[in-house]
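Residue numbers (the UniProt record's numbering): 1 to 438.
Even for Gly, the Cβ is constructed at its ideal location relative to N, Cα and C.
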Amino acid sequence: MRLNAATAPPLAYDREATSIGVLHIGPGAFHRAHQADYFDRLLAHDPRWAISAVSLRSGDLKRALDPQDGLYTLATLDEQTAFRVIGAHRERLVAPDPVRLAAPELKLVTLTITEKGYCLKPDGTLDLGHPDLPASAIRWLVEGLRRRREAGFEPLAVLSCDNLPDNGHRLRAAVIALAASRDPDLAAWIAGEVVFPCSMVDSITPATDQALKARVLEATGLEDAWPIQREAFTQWVVEDILPSGGPDLASVGVTLTPDVAAFEQAKLRLLNGAHSSLAYLGLLRGHETVAEAMADPDLAGFIETLMRQDIAPTLPGDQGPYIDAILKRFRNRAIRHRLSQIAWDGSQKLPIRLLATAHDALLAGRPVERLCRPLAGWMRFIERQARAGVAIVDPLAETLATVGRAGGVARFLELPVFPPALAIALKAPVEAAYDRLT
Ligand code: CS2
1 MRLNAATAPP LAYDREATSI GVLHIGPGAF HRAHQADYFD RLLAHDPRWA ISAVSLRSGD
61 LKRALDPQDG LYTLATLDEQ TAFRVIGAHR ERLVAPDPVR LAAPELKLVT LTITEKGYCL
121 KPDGTLDLGH PDLPASAIRW LVEGLRRRRE AGFEPLAVLS CDNLPDNGHR LRAAVIALAA
181 SRDPDLAAWI AGEVVFPCSM VDSITPATDQ ALKARVLEAT GLEDAWPIQR EAFTQWVVED
241 ILPSGGPDLA SVGVTLTPDV AAFEQAKLRL LNGAHSSLAY LGLLRGHETV AEAMADPDLA
301 GFIETLMRQD IAPTLPGDQG PYIDAILKRF RNRAIRHRLS QIAWDGSQKL PIRLLATAHD
361 ALLAGRPVER LCRPLAGWMR FIERQARAGV AIVDPLAETL ATVGRAGGVA RFLELPVFPP
421 ALAIALKAPV EAAYDRLT
């Protein structure tokens with residue numbers, strides 16, 4: 001029997017009585033594990049915050065979940081396993097008319113479009129010549145905000161939920177830059193009226209696999225074409241500038257703070273930096289998952305030292321307890337989080353997760369040898385993929401395949417991934433690490 005409105009166990013709210021107050025762009029696994037869960041819990045006491053799930057390209061979600069009335073199972077896999085049906089998605093749209101954004105009852109737009117979806121240059125500003133820009137979320141937002149302005153203003157917040165530093169500021173600058181290139185009045189209006197809070201999001205969400213579908217069927221007795229799995233831990237920190245009249249996020253455990261940067265930087269550098277390091281070094285050592293890599297004492301020891309000795313000193317405050325908690329989460333054997341999933345999009349992730357740390361370490365006169373090991377690991381990993389003819393998942397895939405086939409640190413350091421001055425400073429230690437990683 002398939003999961004749908006007739007077969008699902010009762011939700012904590014009357015779904016028919018809910019209305020759409022949130023529009024989400026990029027409703028992939030992370031959004032469905034994270035923001036949709038918060039809104040689902042909010043719906044239990046406020047029916048105004050159901051979600052319109054907008055995919056700009058892929059019809060996969062719509063195809064999988066329309067027959068299930070948009071319902072899906074969220075499995076939280078930890079010491080205890082729990083299954084819950086999420087009903088927050090009231091509709092699933094594929095590349096809808098941007099006029100959708102003009103609906104006055106809509107108070108919040110959230111986005112998970114991954115690092116590459118922002119079409120930014122390496123310096124973090126919008127690349128107006130980016131080939132993906134015409135079909136991007138940035139373009140859709142600008143067009144939608146134009147319609148909202150024409151329809152008469154209703155306050156709106158646009159909230160980036162991607163692993164980018166200063167995500168709200170970067171998104172705001174990108175949207176305004178694109179608007180300014182066509183209509184300076186619109187750009188000025190957006191700058192004055194629309195808020196773009198920064199946010200930090202965290203919950204480890206492995207991609208859905210057959211094993212999960214089988215587990216969900218066994219536990220619930222219902223077939224679900226696209227269940228989602230994550231760890232039990234979840235965190236959402238949002239800059240406290242949301243307009244009034246919007247969803248009461250604090251009531252479902254979201255931290256509202258004037259200063260997201262401290263949370264965000266610690267999370268990107270410690271959790272995501274360690275994750276990417278585990279991915280490249282772990283794959284080269286023949287491991288498949290994060291928990292397996294963490295069971296390798298040499299690798300786990302290296303990652304812990306990297307976090308405590310090299311990354312934490314670039315962050316304010318005592319990061320010890322946060323590091324302990326992250327290491328425990330990485331050891332969670334209840335989930336199979338594939339290293340290959342984390343290894344995707346390295347050209348986008350490394351600058352944020354490791355290079356900023358290396359830059360700060362150099363400035364402070366601290367050693368960077370350990371930080372260079374995962375960078376060398378990425379290069380060796382790309383070489384291995386390229387030479388085996390295996391697809392590289394990265395916006396720079398073609399270039400990486402060429403560089404990877406030829407090999408050598410110098411070619412990698414010339415990529416736009418590395419700011420030139422940093423490439424010069426890191427060359428010798430990356431080469432040393434690379435030579436050791438045969
Ligand atoms: C991971 C993240 O795939 C990756 O690159 O590092 O998705 C990570 O699991 C999340 O940011 C955790 O919140």
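>> Are there any heavy atoms of the ligand CS2 lying less than 7 Å away from the beta-carbon of Leu-284, as far as the coordinates show?
In response: no
> Whose C-beta lies closer than 6 Å to the C-beta of Asp-52 among residues of the same chain, with five residues either side of it excluded?
Replying inline: Note on residue identity: the sequence assigns Ser, not Asp, to residue 52. Hits under 6 Å: Ile-20, Leu-23, Glu-91.
> Taking all protein chains shown into account, do 16 or more other C-beta atoms lie within 10 angstroms of the C-beta of Leu-128, making it buried, or fewer, making it exposed?
Replying inline: exposed
>> Are the CB atoms of Leu-362 and Ala-425 within a distance shorter than 8 Å?
In response: yes
>> What ranges does the beta strand (DSSP E) occupy inside the stretch 238-267, keeping only unbroken runs of at least 3 residues that lie completely in it?
In response: Within the stretch 238-267, the runs of beta strand (DSSP E) that reach at least 3 residues and sit entirely inside it are, in chain order, 255-257.
> Can you give the beta carbon distance from Asn-272 to Asn-163, rounded, assuming they're within the 8 Å contact cut?
Replying inline: 6 Å
>> Considering only heavy atoms of the ligand CS2, does any lie closer than 7 Å to the CB of Asp-37?
In response: no
> Under the three-state reduction of DSSP, which class applies to Glu-218: helix, strand or coil?
Replying inline: Glu-218 falls in the helix class under three-state DSSP.
>> What would DSSP say about residue 445, mapped onto helix, strand or coil?
In response: Residue 445 falls outside the range modelled here, since the chain spans only 1 to 438, and no answer is possible.
> What residues in its chain sit with their C-beta under 7 Å from that of Ala-6, if we drop five residues either side in the sequence?
Replying inline: none
> What separation, rounded to the nearest whole angstrom, lies between the Cα atoms of Asp-224 and His-287?
Replying inline: 29 Å
> Under a Cβ-count criterion, where at least 16 other Cβ atoms within 10 Å of its own Cβ denotes burial, should residue 463 be classed as buried or exposed?
Replying inline: Residue 463 lies beyond the range of the chain shown here (1 to 438); nothing can be said about it.
>> the ligand CS2 and Val-201: does any heavy atom of the ligand fall closer than 7 Å to the residue's C-beta?
In response: yes
>> Let me make sure I understand the geometry here. Which of Gly-377, Gly-389, Val-393, Ala-397 has the alpha-carbon closest to that of Val-409?
In response: Gly-377
>> At a threshold of 7 Å, does Lys-107 count as lining the ligand CS2 (C-beta to nearest heavy atom)?
In response: Outside the cutoff, so no.
>> I'd like to know if the stretch 139-155 and the stretch 92-108 are in contact, where contact means that at least 3 CB-CB pairs between them fall below 8 Å.
In response: yes
> In terms of alpha-carbon separation, which member of Ala-211, Pro-165, Gly-301 lies closest to Asp-259?
Replying inline: Pro-165
> Is any heavy atom of the ligand CS2 found at a distance shorter than 7 Å from the C-beta of Asn-272?
Replying inline: Correct: Asn-272 has its Cβ closer than 7 Å to the ligand CS2.
> alpha helix (DSSP H) containing Thr-402: first to last residue?
Replying inline: Counting along the chain, the alpha helix (DSSP H) containing Thr-402 begins and ends at 397-406.
> To which residues does DSSP link Ser-52 through a beta bridge?
Replying inline: According to DSSP, which records beta bridges pairwise, Ser-52 is partnered with Leu-23, Glu-91.
> How far does the beta strand (DSSP E) with Tyr-13 in it reach, from first residue to last?
Replying inline: Annotation for Tyr-13: no beta strand (DSSP E) segment contains it, and DSSP assigns it neither H nor E.
>> What does the alpha-carbon distance come out to for the pair Glu-239 and Thr-257?
In response: 5 Å
>> Which complete alpha helix (DSSP H) runs does the UniProt domain "Mannitol dehydrogenase C-terminal" (259-402) hold, if anything under 4 residues is left out?
In response: The qualifying runs are 261-266, 273-284, 290-294, 297-305, 320-330, 339-343, 346-350, 356-363, 369-388.
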